[in-house]
Each structure stands twice: as C-alpha cells, then as structure tokens.
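A.B. asks: Pasting a structure below so you can have a look.
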C-alpha cells in the first residue's frame, strides 16, 4: 500500500495511473482501490508532500491599476522587489535611531538641527543665507513658574 502521509510516491512506468471520472485521482502503484483523490467537486485535496520539490524563483503580482511587481530573494535572503533590495522605511514620527552610523552622499535636514552637549544641554543649530552657522541654547519651557 502506498504511504501518502509522509512522502509522495514515485511514478512507476506502465503502472502508475491518473484517473478522471467524477473526480481526478492518482494511483502511483496502479491500484485504483487505494488511489488518492486529488480534485473533486468539493475542491482540491492536496497534501504538503505534493509540494516537496516545488521551487519558486519569484512571484509576480499586479496592482489594481495593472502595474506588475516581481518579488524574489537574493542569495543572502534579502527581499527583492523588481530586482531591487527592499529597505524597511525608517521615516516614523519621533523615531530614535541608535548606534554609530556612516552616511555617504548628501544628507539634507529640514526643520532644524539640535545637538546635545556632553552634559545634555540642547543647542539649536541654524545656518543663514550666507552659510554662517550659529548655535543657541534652547530655552527651557518651565511651566512651574506661574
């Protein structure tokens, strides 16, 4: 008897059968009495072992407007979208980024720059239209004085 639960049976030349009647069934050992149901009126009857050798190099998706996107992985396991490495966005409000960072290329800041002194004093850094940098100690908002 064929072991359907733990492995997918191999096909035997001139013995294996695929039957189509009221349903589609497979009988790798040729025995219709022990054949396994694959597709019937109530749906598909596949088992995980049916997909043991399934390898997908990429998946293609289409947006509601018809734009096509390909998802795949590179050899390091990084997700690729249309062949480009996906980088998780970090543009969250009030985000704290820790650790030493090295930036290459131009970095533009808008909305201001604040630097902390060694004792934690906050300084606002500004630049004028001539390129002159100035710092100003941030005024504390003391709501206890009232």
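Residue numbers (this note's numbering): 1083 to 1228. Here a beta-carbon is modelled for each residue, glycine too, at the ideal position from N, C-alpha and C. For clarity, every value in this text was computed on a predicted model and none was experimentally measured.
1) On a Cα-Cα basis, can you pick out the residue from 1131, 1100 and 1140 that is closest to residue 1115?
2) Taking the Cβ atom as the reference point for each residue, do residue 1204 and residue 1198 lie within a distance shorter than 9 Å?
3) Is the beta carbon of residue 1120 sitting closer than 9 Å to the one on residue 1133?
4) Per DSSP, what kind of secondary structure is residue 1095 in: helix, strand or coil?
5) Can you list, in chain order, the residues of its chain whose CB lies under 8 Å from that of residue 1150, leaving out five sequence neighbours each side?
6) In or out: residue 1109 buried (at least 16 other Cβ within 10 Å) or exposed?
7) Tell me which residues share the same chain as residue 1112 and place their Cβ nearer than 8 Å to its Cβ, disregarding the 5 neighbours each side in the sequence.
8) How would you call residue 1122, buried or exposed, if buried means at least 16 neighbouring beta carbons within 10 angstroms?
9) Give the range of the beta strand (DSSP E) segment to which residue 1152 is assigned.
10) Whole angstroms is fine: what's the gap from residue 1221's alpha carbon to residue 1212's?
11) Once the 5 residues before and after residue 1160 are set aside, which same chain residues still bring their CB inside 6 Å of it?
12) Under a Cβ-count criterion, where at least 16 other Cβ atoms within 10 Å of its own Cβ denotes burial, should residue 1117 be classed as buried or exposed?
13) What three-state label does DSSP hand residue 1128 in the structure shown?
14) Using the DSSP secondary-structure output, state which residues sit across from residue 1107 in a beta bridge.
15) Can you tell me whether DSSP reads residue 1180 as helix, strand or coil?
C.D. replies: So, from the listed chains and residues:
1) Here residue 1115 refers to the residue found at position 33 of the chain shown. Of the candidates 1131, 1100 and 1140, 1100 places its Cα closest to the Cα of residue 1115.
2) What you label residue 1204 is simply residue 122 of the chain shown in a count that begins at 1. What you label residue 1198 is simply residue 116 of the chain shown in a count that begins at 1. The answer is yes: Cβ separation under 9 Å.
3) The sequence position of residue 1120 within the chain shown is 38, counting from 1. The sequence position of residue 1133 within the chain shown is 51, counting from 1. For residue 1120 and residue 1133, no; Cβs fall outside 9 Å.
4) The count along the chain shown starts at 1 and reaches residue 1095 at position 13. Residue state, collapsed to three classes: coil.
5) As a first step, residue 1150 must be located in the chain shown, where it is residue number 68. For residue 1150, where only same-chain residues beyond five positions count, the Cβ hits under 8 Å are 1142, 1143 and 1144.
6) Counted from its first residue, the chain shown places residue 1109 at position 27. Buried is the call here.
7) Counted from its first residue, the chain shown places residue 1112 at position 30. Excluding the 5 residues flanking it on each side, residue 1112 has same chain C-beta neighbours closer than 8 Å at 1094, 1097, 1098 and 1099, in chain order.
8) Reading the chain shown from its first residue, position 40 is the one you call residue 1122. Exposed: under 16 other Cβ atoms inside 10 Å.
9) Taking the chain shown and counting its residues from 1, one reaches residue 1152 at position 70. 1150–1155 is the span of the beta strand (DSSP E), which, as asked, contains residue 1152.
10) The residue labelled residue 1221 in the question sits at position 139 within the chain shown. The residue labelled residue 1212 in the question sits at position 130 within the chain shown. If you take the alpha carbons of residue 1221 and residue 1212, they lie about 25 Å apart.
11) Residue 1160 sits at position 78 when you count from the first residue of the chain shown. Result list for residue 1160: 1167, in chain order.
12) Residue mapping note: residue 1117 aligns to position 35 of the chain shown, counting from 1. Buried is the call here.
13) Within the chain shown, residue 1128 is the residue found at index 46, counting from 1. Under the three-state reduction of DSSP, residue 1128 is assigned to coil, being neither helix nor strand.
14) Start at 1 with the first residue of the chain shown, and residue 1107 comes out as number 25. For residue 1107, which the question treats as bridged, DSSP gives the partners 1101 and 1119.
15) Position 98 of the chain shown, counting from 1, holds the residue named residue 1180. The answer is coil: DSSP assigns residue 1180 none of H, G, I, E or B.
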